[in-house]
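Participant: Residue numbers (the numbering used here), protein chains in the order written: chain A, 12 to 775; chain B, 44 to 190. Idealized CB from N, CA, C, for every residue including glycine. Fair warning: this is a prediction, and the values are worked out from it, not measured in the lab. Mind looking over this structure? Questions follow.
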Amino acid sequence: MDQIDEVTKEFLLESYENLDQLDRDFVSLESDPTARDKITTIFRTIHTIKGTCGCLGFRKLESITHVGENLLSRLRDGELQIDTEITTGLLRLVDAIREILGSIESTHTEGDKDYSAFRERLVRLNERPSIVAPSETVSASAVHPVDPPVAVAAALPLEPAYEPPHDDASPTARAPDRRELNRDEACYDGPERRANPESVAGNAIRVDVGLLDKVMNLVGELVLARNQVLQFTATQKDASFLRTSQRLNLITTELQEGVMKTRMQPIGNLWNKFPRIVRDVANNCHKKVRIEMEGRDTELDKTILEAIKDPLTHVIRNSVDHGIEAPEARQKRGKPEEGLIAMRAFHEGGQVNIEVTDDGKGIDPEIIKRKAVEKGLLSPDQAARMGEREAINLIFLPGFSTAEKVTNVSGRGVGMDVVRTNVEKIGGTVDVQSRVHEGTTLRIKIPLTLAIIPALVVTSGGERFAIPQVSLLELVRLDDRGAGIELINGTPLYRLRGNLLPLAYLNRELKIEKLGTSEAGTKESANIVVLRGGDRQFGLVVDHINDTEEIVVKPLGKQLKGITVFAGATIMGDGKVALILDVLGLAQKANVISNSSEGGLHSAAENARGDAADQQTLLLFQLKGDQRMAIPLSVVARLEEFPRKSLENAGGRAVVQYRGQIMPIIHLAAALGDGRAKAGARGLKKGQGKSETIQVVVYTHENQNVGLRVERILDIVQQRLNVQTAACRPGILGTAIIKERVTELLDVQAVVRNAMQPAKPLAA
Amino acid sequence: MSDAKQYCSFFVDRLFFGVEVREVQEVIRYQEMTRVPQAASEVAGLINLRGQIVTAIDLRRRLGLGDIPAGKLPLNVVIRTDDAAVSLLVDEIGDVLQVEEEAFERPPETLTGAARDVIQGVYKLKDRLLLILDTAKTVNVSIPAAA
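This is the structure we're talking about:
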């Protein structure tokens, strides 16, 4: 038979899921050997697998699971005490089961591998003498006789053993009725189990990822069609058509969000395997390591989850192998013998942050520098000038490893650069911070989804290109062409707020000739798109900046896969295809950033001024008169400018129509409100505020955009935040000196929360 | 008839080609294309095929023939490959032909150049030769070394 039949497929799926859970259970069991309920769960899983595979005729699998089951039943009854040896044995069992399942999946047979030696080992483990007197296990004796005839009739006779001896409030209320079901349908052990609602599972169905992908693609098409319709709408006057297209717009957006959600998976699914990895690696290098996880339910697109699996695994291995010290060394430092790896995941600014922190020996920038010089990656001179933070980030260079000796696990000099490349491939960034002897934190920021992304559309050489917005920092328009662009030995540079920004011309890099007659010289303005590639910035000179648009990323055919400057293609509103630029690839091609540390060392100077770890990027704005305020740029979704007349009133609240949604506008001065400010706000309307537009900082609050209306956006600064005085009025976190001016730090959350309440504003 | 195969035939610069019907997804008229800078010269561009982005390969270039005469627009023969659909740009489309296995012959040894690579064999028809394209090889266009 060519196809795996449905029952087998079901079995594989369910078994894989359960096995992932098992890994975690085993490890936690080892640290707390008395956790009976864990053993019970493990037992149940193995038992389920055994039962089903017996029915499906996978003898080999049945035989090893059977032995494992026997061992587990003795553990459960307290006859054996779990120890490292047994845990290892059982983990091997899980591995073996996985291997066989894998083989079933690919070849439809159990494979040729011989597991009899392994089986022997489990049997030997099982033959150890009991550690408890029989009298203690009254209930166990009822269970015991079940063991021998098990293999004969699959799961059926085992049922009595199935129930935990002390069915303490049974966290698995299904146990009793399961027995009923299993009487006649032992083969359907697995599926039946799922059918009995276990917590939330009752409301869930299993959907093939392929189908979801298809739906996702269709929604992508719909988004494109919607964009086309909207473009067409602009030229139409018919009211009912406009209404309909508006509705189409809204529904499409909602549908897109909905479908997107179906592809979301909690990161916990991926993390489940890490305790096992930590345990194995730690055992390998004789260390004691504990793993803690926070934010397991942070959700990510499945494809992204897949993409970060390997990098994260590598980071974890690295942390255990390099980060955490040996127990003796830790004791000497006065740290607990057991090292800690803490993983944290959370959403921030439309991105997912994943942090891996260890409390190990940290990274010594001096050692890194020395190594880098030794390996010829850096000149001694450069090393001397380099800031601490930049030095630590050298670990991401290809061919860099600080491991004194190459171990089984890491230290081969490939690794961190691969981690970085992989993360950047999906539009993410990696950053590392470390303190010697205190520990290291690695922070990965990745987008929520890859399928539909916001992008900036630009034109160069008559062709349109899309630039993913994650890489976009800012746009600079030079009115007088070439005025700000300077040349050093033919290399164009631009002075951006005092820093030199290397430039690349998109049309030159892509070797696309200009269409029509307009020659480069006749253009009166130039547009620089400031982009981030790796940890460097560079400017991309394009002919026109068109607009931002949500685009659906489509892969390029294999004929074009090797072109590093393109990340894919998309279909624009007018139905034509546009290429999506791969910012990193483009930067490398243009040599504006390089893999060696030659390029753009200017940021080192910047970092040297202060430990960049404490630095924050802040958005500075003005409320009225001279009152300056700042908020972290990370909470800002966008900066917008609306014509004053687009302000509308809904339910006593100012709103504007924004991207097909109604966005409430909070007048900051009023919201922060002493009466003076309110009066000021009104005064602003008749007084100085004669401008036709209003400046709005868009902030996303519980999935809704909220606009903060400010008087004027001033600047974006990066600096160490030194809060001088504590809050003196609600809505303000404190005061700090920024750019030599006293600036208040706005508590955005509080202000928005208050303003969004139906009640009176917070000053009332 | 098991040994009779059906071929979708087309012309490229007076040469008469065939691709097995099973491999052909559809034949469509000329579509506007988006050029791909940096790509191999055989890649004519990308077309939007009902929301699917399809790479178009210029068969004339692939075979080392001269460009299509000005003013004439090529047609797209969209074929399925393991990877994704790929369009072959051809001059003109012919009939679907049913041919007998006996008429098949390996390409002559004297055939050289790019054509040798992509021509699987030849059917000797009554009045002309039908050249059978190996589609997998035809669409296998490599990226030129980084310039």
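Mind reading off the beta-carbon distance from N404 of chain A to V443 of chain A? Whole number of angstroms is fine, and I expect it under 8 Å.
Facilitator: Working through the first sequence from its first residue, we reach residue 404 of chain A at position 393. Working through the first sequence from its first residue, we reach residue 443 of chain A at position 432. Contact flag correct, Cβ pair sits at about 6 Å.
Participant: What are the residues that DSSP puts in a beta bridge with G579 of chain A?
Facilitator: For this step, residue 579 of chain A is matched to residue 568 along the first sequence. In the DSSP output, where bridge partners are listed per residue, G579 of chain A has A:I591.
Participant: For a test of the three-state rule: what should DSSP assign to G371 of chain A, helix, strand or coil?
Facilitator: Residue 371 of chain A sits at position 360 when you count from the first residue of the first sequence. G371 of chain A: coil per DSSP, three-state reduction.
Participant: If you drop the 5 nearest sequence neighbours on each side, which residues of the same chain put their C-beta closer than 8 Å to that of V763 of chain A?
Facilitator: Translated into positions along the first sequence, residue 763 of chain A becomes position 752. Closer than 8 Å at Cβ, skipping near neighbours: I677, Y710, H712, V717, L719.
Participant: Would you report the Cα separation of P675 of chain A and D249 of chain A, rounded to the nearest angstrom?
Facilitator: In the first sequence, the residue the question calls residue 675 of chain A occupies position 664. In the first sequence, the residue the question calls residue 249 of chain A occupies position 238. When rounded, the distance between both Cα atoms is 28 Å.
Participant: For the beta strand (DSSP E) containing G334 of chain A, name the first residue and the last one.
Facilitator: Taking the first residue of the first sequence as 1, we reach residue 334 of chain A at position 323. Note, G334 of chain A: premise wrong, no beta strand (DSSP E); not H, not E.
Participant: Assess contact between the segment 73-90 of chain B and the segment 561-577 of chain A, defined as three or more Cβ pairs (one per stretch) separated by less than 8 Å. Is contact present?
Facilitator: At 8 Å Cβ cutoff, the stretches touch.
Participant: If I'm right that I556 of chain A touches V469 of chain A with Cβ under 8 Å, what's the distance once you round it to whole angstroms?
Facilitator: Indexing the first sequence from 1 puts residue 556 of chain A at position 545. Indexing the first sequence from 1 puts residue 469 of chain A at position 458. Right, their Cβ atoms sit about 5 Å apart.
Participant: Considering only residues of the same chain and omitting the five flanking positions on each side of E121 of chain A, which have a CB-CB separation below 7 Å?
Facilitator: The residue labelled residue 121 of chain A in the question sits at position 110 within the first sequence. Excluding sequence neighbours, E121 of chain A sits near F69, K71, L72, I111, S114, I115.
Participant: At least one CB of chain B closer than 7 Å to the CB of E232 of chain A: is that the case?
Facilitator: Mapped onto the first sequence, residue 232 of chain A falls at position 221. Output row for E232 of chain A: interface = yes.
Participant: Starting from G450 of chain A, trace the beta strand (DSSP E) in both directions and tell me its first and last residue.
Facilitator: Taking the first sequence and counting its residues from 1, one reaches residue 450 of chain A at position 439. G450 of chain A -> beta strand (DSSP E) spans 450-458.
Participant: Following the continuous alpha helix (DSSP H) through E751 of chain A, name the residue where it begins and the one where it ends.
Facilitator: Residue numbering aside, residue 751 of chain A sits at position 740 when the first sequence is read from its first letter. Taken as a continuous stretch (DSSP letters only), E751 of chain A belongs to no alpha helix (DSSP H), as it is neither H nor E.
Participant: When DSSP labels each residue in this structure, what does I111 of chain B get in the three-state scheme?
Facilitator: Translated into positions along the second sequence, residue 111 of chain B becomes position 68. Coil.
Participant: Is L176 of chain B helix, strand or coil when you go by DSSP?
Facilitator: Translated into positions along the second sequence, residue 176 of chain B becomes position 133. Strand, per DSSP.
Participant: Got a sec? Which residues, its chain only, sit under 6 Å from A578 of chain A by beta carbon, not counting five neighbours each side?
Facilitator: Within the first sequence, the letter at position 567 stands for residue 578 of chain A. These residues qualify, in order along the chain: I591, D593.
Participant: Rounding to the nearest angstrom, what Cα-Cα distance links D758 of chain A and P643 of chain A in this structure?
Facilitator: Translated into positions along the first sequence, residue 758 of chain A becomes position 747. Translated into positions along the first sequence, residue 643 of chain A becomes position 632. Answer to the nearest angstrom: the Cα atoms are 10 Å apart.
Participant: Taking the C-alpha atoms as reference points, what is the distance between I136 of chain B and K522 of chain A?
Facilitator: Position 93 of the second sequence, counted from the start, is the residue given in the question as residue 136 of chain B. Position 511 of the first sequence, counted from the start, is the residue given in the question as residue 522 of chain A. Each residue's alpha carbon lies about 34 Å from the other.
Participant: Quick one, which residues of the segment 78-90 of chain B are near chain A if we go by CB-CB under 9 Å, in chain order?
Facilitator: Flagged, chain order: R78, V79, P80, Q81, A82, A83, E85, V86, G88, L89, I90.
Participant: Could you tell me which chain B residues have their CB closer than 8 Å to the CB of L560 of chain A, listed as they occur along the chain?
Facilitator: For the purposes of this step, residue 560 of chain A is taken as the residue at position 549 of the first sequence. The sequence given here places Glu at residue 560 of chain A; Leu does not occur at that position. By Cβ distance, chain B contributes nothing, its closest Cβ being about 16 Å from E560 of chain A, past 8 Å.
Participant: Would you kindly report the start and end of the unbroken alpha helix (DSSP H) that includes S130 of chain B?
Facilitator: Counted from its first residue, the second sequence places residue 130 of chain B at position 87. No alpha helix (DSSP H) contains S130 of chain B, which is instead part of the beta strand (DSSP E) from 129-133.
Participant: For A47 of chain B, which residues in the same chain have their Cβ closer than 8 Å to its Cβ, ignoring the five residues on either side in sequence?
Facilitator: For the purposes of this step, residue 47 of chain B is taken as residue 4 along the second sequence, with counting starting at 1. Same-chain partners within the cutoff: Q141, V142, E143, E144.
Participant: Exposed or buried, which one is S251 of chain A when buried takes at least 16 other CB atoms within 10 Å?
Facilitator: Counting from 1 along the first sequence, the entry for residue 251 of chain A is found at position 240. Exposed, by the Cβ-count rule.
Participant: Taking the C-alpha atoms as reference points, what is the distance between N295 of chain A and R341 of chain A?
Facilitator: Within the first sequence, the letter at position 284 stands for residue 295 of chain A. Within the first sequence, the letter at position 330 stands for residue 341 of chain A. About 17 Å.
Participant: Per DSSP, what are the beta-bridge partners of M275 of chain A in this structure?
Facilitator: On the first sequence, position 264 is the one that residue 275 of chain A refers to. Answer is A:D312.
Participant: Comparing alpha-carbon positions, which option in A:I335, A:T314, A:I278, A:T273 lies nearest V300 of chain A?
Facilitator: Counted from its first residue, the first sequence places residue 300 of chain A at position 289. Ranking A:I335, A:T314, A:I278, A:T273 by Cα distance to V300 of chain A puts A:I335 first.
Participant: Please identify, using Cβ separations under 7 Å, the residues of the segment 86-97 of chain A that lie next to chain B, in order along the chain.
Facilitator: Answer in chain order: no residues at all.
Participant: Rounded C-beta distance between Y73 of chain B and L118 of chain B? I'm assuming under 8 Å.
Facilitator: For the purposes of this step, residue 73 of chain B is identified with residue 30 of the second sequence, where counting begins at 1. For the purposes of this step, residue 118 of chain B is identified with residue 75 of the second sequence, where counting begins at 1. Confirmed, about 6 Å.
Participant: Name, in chain order, the residues that DSSP records as bridge partners for M304 of chain A.
Facilitator: Taking the first residue of the first sequence as position 1, residue 304 of chain A is located at position 293. Paired residue(s): A:M354.
Participant: Skipping 5 residues on each side, what residues in its chain have a beta carbon closer than 7 Å to that of T264 of chain A?
Facilitator: Working through the first sequence from its first residue, we reach residue 264 of chain A at position 253. Correct list, in chain order: G671.
Participant: So, is S445 of chain A buried or exposed, given that buried needs 16 or more other C-beta atoms within 10 angstroms?
Facilitator: Taking the first residue of the first sequence as position 1, residue 445 of chain A is located at position 434. The residue is buried, with at least 16 neighbouring Cβ atoms inside 10 Å.
Participant: From K587 of chain A to S39 of chain A, what does the alpha carbon distance come to, in whole angstroms?
Facilitator: The residue labelled residue 587 of chain A in the question sits at position 576 within the first sequence. The residue labelled residue 39 of chain A in the question sits at position 28 within the first sequence. For K587 of chain A and S39 of chain A, the distance between alpha carbons rounds to 55 Å.
Participant: Nearest chain A C-beta to D126 of chain B closer than 7 Å, yes or no?
Facilitator: To locate residue 126 of chain B, count along the second sequence from 1; it is residue 83. D126 of chain B counts as touching chain A.
Participant: I'd like to check one pair, D36 of chain A with K49 of chain A: are the Cβ atoms closer than 7 Å?
Facilitator: Within the first sequence, the letter at position 38 stands for residue 49 of chain A. Within the first sequence, the letter at position 25 stands for residue 36 of chain A. Yes; because the gap between Cβ atoms is below 7 Å, this pair is in contact.
Participant: Mind checking which residues open and close the alpha helix (DSSP H) that includes H77 of chain A?
Facilitator: Walking along the first sequence from the start, residue 77 of chain A turns up at place 66. Segment 70-87, the alpha helix (DSSP H) holding H77 of chain A.
Participant: Could you check whether the segment 547-556 of chain A touches the segment 391-402 of chain A, counting it as contact only if at least three pairs of C-beta atoms, one from each stretch, sit closer than 8 Å?
Facilitator: Because the criterion of three Cβ pairs below 8 Å is not met, the segment 547-556 of chain A and the segment 391-402 of chain A do not touch.
Participant: Would you grab the beta carbon distance between F632 of chain A and R519 of chain A for me? Rounded to a whole angstrom, and I think it's under 8 Å.
Facilitator: Looking up residue 632 of chain A in the first sequence gives position 621. Looking up residue 519 of chain A in the first sequence gives position 508. The Cβ separation is near 37 Å, so there is no contact.
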